[in-house]
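Asks: As numbered in mature numbering (1 follows the signal peptide of the UniProt record, and there is no 0), residues -28 to -1, 1 to 72 make up the sequence shown, in order.
Below is one structure. I have some questions about it.
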Amino acid sequence: MNVLPSHRPLRLASLLICLSLTSLQVGAQDFDPGRALYENHCQQCHAGWVHTREGRKVTRLDDLHARVGAWSVHAGLHWTSEEIDAVTRYVNRRFYQLTE
């Protein structure tokens, strides 16, 4: 007769913890702050058609960056330069595909 408690529940719990931490790391790697900011603060007024309409005014990446910065102030958000950069990268990747 084995008087020691079984270690199976402890091993199973350890395995589940490791798997959940791995999932969190993968999820964190997929997080795009530019996308999150755009979806939470811009998307309500700037639907996709705004960026893809014929005759759009933005044709250069630095123009896009300037517009994102101006709109952040206009909307009362006052984003940091890192946030403006992140949103510019997201919007460019998603809609414009402008090169530097």
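A virtual CB, placed ideally from N, CA and C, is assigned to each residue, including glycine.
(1) Roughly how many angstroms lie between the CA atoms of ASP34 and HIS13, to the nearest whole one?
(2) Residue range of the alpha helix (DSSP H) that ASP57 falls in?
(3) Taking only the alpha-carbon atoms, compute the straight-line gap between ARG7 and VAL59 and give it to the nearest angstrom.
(4) Among TYR68, GLU72, ILE(-12), which residue has its Cα nearest to the Cα of LYS29?
(5) Considering only residues of the same chain and omitting the five flanking positions on each side of ARG61, which have a CB-CB separation below 7 Å?
(6) Straight-line CA distance for ILE56 to ALA47?
(7) Using a Cβ-Cβ cut-off of 7 Å (strictly less than) and excluding sequence neighbours within five positions of LEU49, which residues of its own chain qualify?
(8) Along the chain, where does the alpha helix (DSSP H) containing HIS37 start, and where does it finish?
(9) Could you name the residues of the same chain whose beta carbon sits closer than 6 Å to that of VAL40, not counting the 5 residues immediately before and after it, in chain order?
Replies: Answer, in terms of the structure:
(1) If you draw a straight line from the Cα of ASP34 to the Cα of HIS13, it comes to about 21 Å.
(2) That run of the alpha helix (DSSP H) goes 53 to 63.
(3) One C-alpha to the other measures close to 6 Å.
(4) Closest option to LYS29, Cα to Cα, is TYR68.
(5) Excluding sequence neighbours, ARG61 sits near GLY6.
(6) Put simply, the backbone Cα of ILE56 is about 13 Å away from that of ALA47.
(7) Excluding the 5 residues flanking it on each side, LEU49 has same chain C-beta neighbours closer than 7 Å at HIS13, in chain order.
(8) Counting along the chain, the unbroken alpha helix (DSSP H) around HIS37 starts and ends at 33 to 46.
(9) Excluding its 5 nearest sequence neighbours in each direction, VAL40 has C-beta neighbours in its own chain below 6 Å: ILE56, VAL59, THR60, listed in chain order.
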